[in-house]
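Enquirer: Please find one structure pasted underneath; my questions will follow.
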Ligand code: GDP
Ligand code: MG
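In UniProt numbering, the protein residues as written are 6 to 444.
Below is the structure:
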């Protein structure tokens, strides 16, 4: 999806004047891009209509930067399509809050149950009880128990012989007695939607009156995900959707159609198999990501989780003011080591996928120690102001760090490219801020 849209966007971005013909061409491209991305046909039709109306309207035509303005319209409409605002998890007036997980087999219900519990504890200081109500797959209960063990959280189970409705009922009593403030019920799935499955889920629903019914859907299944969402929603009136496997090679179509088709918001996105790889779904950020503007905010948030907050703020400030030095770089490298795979981080940077310099920037984690040594061999003045670097200084540094002048040169070049990239990033961020879009 991103590729196609990005090409069109590049074309239209710099235009000083946008004619109706331009808008027509662009909407045609957007339409194809969305259809190609497996977005529901009806959804695409409405979407294109809205963009067209707004794009030929005054808001765009009379602005000083119509090219930018059209993109803004597309981005806002994309974001609206996915629900606009980020939506929160319900809280029961009288605890525990009950969340029921439903969806097809393999969608990621059990994994998401664990991830959600982890999220609730970490971000909201809650004490969830996990409930193993999938009695059909022999390994399902074990799977949840394993997750519970990893998290150090209680898992309620009555084995595979019990009736799922009884399990849910007794789990509620247990949760109250043990003062759990959230109960997350992992239910069974089938390979396709069928009556028996729906009947059972209905019974559980009437037994425990859940505050949330989260439909877990696999983003990789594209248009199917949307159909599944539609039928689950018709039968159970779900309250929200968790889109899993967004880390995979998905075309993003599901994210774009689900809200439009079901009217139910996507609340979380699964970004990997690990227990901390669940993120609240931000429609606006997803829209930026789709448009290839990158996801600076998620990146900064990630940094904040791993780096202490003040440092992250300082860093952001430095990026904005361009006073980022080798000293910061050194500190950053050390923190980057704790932030997880570099590829993940780089892919969140705006335009990273297109940047030529990107290859050099993919810091080989083994080389980090070399880089550290080089920076440590620089004088303070050199770190702050690398422009003073000359041949004899480079030689001294290479010698001091046990590396070569070529390596020193390479690092200097990388540093320059990194600064350039930061400049791009922060420009992007500012644009977002100005129109009050980013939170
Ligand atoms: P269930 O049958 O709905 O309970 O699905 P599971 O929770 O057992 O998940 C099925 C498979 O999908 C497992 O191998 C999970 O590790 C994997 N999975 C779940 N969520 C994600 C995700 O967000 N990203 C990736 N890459 N894999 C996921
Ligand atoms: Mg399961």
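Note that CB positions come from ideal geometry on N, CA and C, so glycine has one too.
Note that the structure is predicted; figures quoted are calculated from it, not measured.
With DSSP as the reference, label residue 219 as helix, strand or coil.
Expert: Three-state DSSP puts residue 219 in a strand.
Enquirer: In chain order, what residues of the same chain have a beta carbon less than 6 angstroms from the beta carbon of residue 253, not counting five sequence neighbours either side?
Expert: Only 225 meet the Cβ criterion.
Enquirer: Measuring CB atoms only, is the stretch 101-120 touching the stretch 150-161, in the sense that at least three cross pairs come out at less than 8 angstroms?
Expert: At 8 angstroms Cβ cutoff, the stretches touch.
Enquirer: Going by other Cβ atoms of all chains shown within 10 Å of its Cβ, with 16 needed for buried, is residue 88 buried or exposed?
Expert: So residue 88 ends up on the buried side.
Enquirer: So, does the stretch 193-203 touch the stretch 175-184, judging by three or more C-beta pairs under 8 angstroms?
Expert: Not touching, per the Cβ criterion.
Enquirer: Is residue 155 near the ligand GDP, judged by its Cβ being under 6 angstroms from some heavy atom?
Expert: No, Cβ of residue 155 sits at least 6 angstroms from all heavy atoms of the ligand GDP.
Enquirer: Taking only the alpha-carbon atoms, compute the straight-line gap between residue 362 and residue 274 and give it to the nearest angstrom.
Expert: Since pLDDT at residue 362 reaches only 47, below the 50 mark, its modelled position is unreliable, and the value read off the structure follows with that caveat. If I take the Cα positions, the gap works out to 30 angstroms.
Enquirer: DSSP state of residue 231, grouped into three classes?
Expert: The answer is helix: DSSP assigns residue 231 an H, G or I state.
Enquirer: According to DSSP, simplified to helix, strand and coil, what is residue 245?
Expert: Here residue 245 sits in strand by DSSP.
Enquirer: Are there 16 or more other CB atoms within 10 angstroms of the CB of residue 199, so buried, or fewer, so exposed?
Expert: Flag for residue 199 reads exposed.
Enquirer: What is the C-beta distance between residue 189 and residue 104, in whole angstroms, given that I count them as a contact (C-beta under 8 angstroms)?
Expert: 5 angstroms between Cβ atoms; contact.
Enquirer: Would residue 413 and residue 425 qualify as a contact pair, given that the criterion is a beta-carbon distance under 7 angstroms?
Expert: Not closer than 7 angstroms, so no.
Enquirer: Can you check whether the CB of residue 82 is closer than 7 angstroms to the CB of residue 48?
Expert: No, they are not a contact pair.
Enquirer: With DSSP collapsed to three states, give me the class of residue 182.
Expert: Reduced to three states, the DSSP call for residue 182 is helix.
Enquirer: Is the stretch 233-247 close to the stretch 210-225, with three or more CB pairs under 8 angstroms?
Expert: Judged by Cβ distances under 8 angstroms, the stretch 233-247 makes contact with the stretch 210-225, as three or more pairs qualify.
Enquirer: Just confirm the distance between the C-beta atoms of residue 266 and residue 235, as a whole number of angstroms; I'd bet it's less than 8 angstroms.
Expert: Their Cβ separation, rounded to whole angstroms, is 6 angstroms, which keeps residue 266 and residue 235 in contact under 8 angstroms.
Enquirer: In three-state DSSP terms, what is residue 284?
Expert: Looking at residue 284 - three-state DSSP - the assignment turns out to be strand.
Enquirer: In its own chain, which residues sit with a C-beta less than 7 angstroms from the C-beta of residue 206, not counting the 5 before and 5 after it?
Expert: Cβ neighbours of residue 206 beyond the five flanking positions: 107, 192 and 241.
Enquirer: I need the straight-line Cα distance from residue 447 to residue 126, nearest angstrom please.
Expert: Residue coverage of the chain in this structure runs from 6 to 444, which leaves residue 447 outside it and unanswerable.
Enquirer: Among the residues of its own chain, which have a CB less than 6 angstroms from the CB of residue 148, if the five just before and after it don't count?
Expert: Answer for residue 148: 115, listed in chain order.
Enquirer: For residue 366, does the three-state DSSP call read helix, strand or coil?
Expert: In this predicted model, residue 366 has a pLDDT of only 48, less than 50, meaning its place in the structure is not dependable; the value taken from the coordinates is given anyway. Of the three classes helix, strand and coil, the one that applies to residue 366 here is helix, per DSSP.
Enquirer: Assuming residue 386 and residue 406 are in contact, meaning their beta carbons sit under 8 angstroms apart, how far apart are those beta carbons, in whole angstroms?
Expert: In fact, because the Cβ distance is near 17 angstroms, the residues do not count as touching under 8 angstroms.
Enquirer: State the Cα-Cα distance for the pair residue 32 and residue 40, rounded to the nearest angstrom.
Expert: Each residue's alpha carbon lies about 12 angstroms from the other.
Enquirer: Can you determine whether any heavy atom of the ligand MG sits closer than 6 angstroms to the C-beta of residue 139, and answer yes or no?
Expert: True, at least one ligand heavy atom lies under 6 angstroms from that Cβ.
Enquirer: How many Å lie between residue 238 and residue 143 at the Cα?
Expert: So the two alpha carbons sit approximately 27 angstroms from each other.
Enquirer: What beta strand (DSSP E) runs, 3 residues minimum, are completely inside the stretch 100-165?
Expert: DSSP runs (the beta strand (DSSP E)) wholly in the stretch 100-165: 102-107 and 133-137.
Enquirer: Quick one: is the Cβ of residue 333 within less than 6 angstroms of any heavy atom of the ligand GDP?
Expert: Flag unset: Cβ of residue 333 not near the ligand GDP.
Enquirer: Please report the Cβ distance between residue 156 and residue 280, rounded to the nearest whole angstrom; I am assuming they are in contact, meaning their Cβ atoms lie under 8 angstroms.
Expert: Confirmed, Cβ separation roughly 7 angstroms.
Enquirer: Taking the alpha-carbon positions, what's the residue 43 to residue 258 distance?
Expert: About 5 angstroms.
Enquirer: Please report the straight-line C-alpha distance between residue 166 and residue 233, rounded to a whole angstrom.
Expert: Each residue's alpha carbon lies about 28 angstroms from the other.
Enquirer: Here's a check: name, in chain order, each residue in its chain whose Cβ is nearer than 6 angstroms to the Cβ of residue 203, leaving out the five neighbours to either side.
Expert: 240.
Enquirer: Looking at C-alpha atoms only, which residue of 132, 243, 174 and 293 is the closest neighbour of residue 158?
Expert: Minimum Cα distance to residue 158 is reached at 132.
Enquirer: Of the choices 411, 45 and 75, whose alpha-carbon is the least far from that of residue 533?
Expert: What is shown of the chain runs 6 to 444, which leaves residue 533 out entirely.
Enquirer: Enumerate in chain order the residues of its own chain whose CB-to-CB distance from residue 145 is below 8 angstroms, with the five nearest sequence positions on each side excluded.
Expert: Within the same chain, residue 145 has close Cβ partners 115, 137, 139, 191 and 193.
Enquirer: Can you tell me whether residue 447 sits near the ligand GDP, meaning its C-beta is under 6 angstroms from at least one heavy atom of the ligand?
Expert: No answer is possible for residue 447: it lies beyond the span of the chain, which begins at 6 and ends at 444.
Enquirer: Should residue 185 and residue 135 be called a contact, given that it needs their Cβ atoms to be closer than 7 angstroms?
Expert: The answer is no: Cβ separation not under 7 angstroms.
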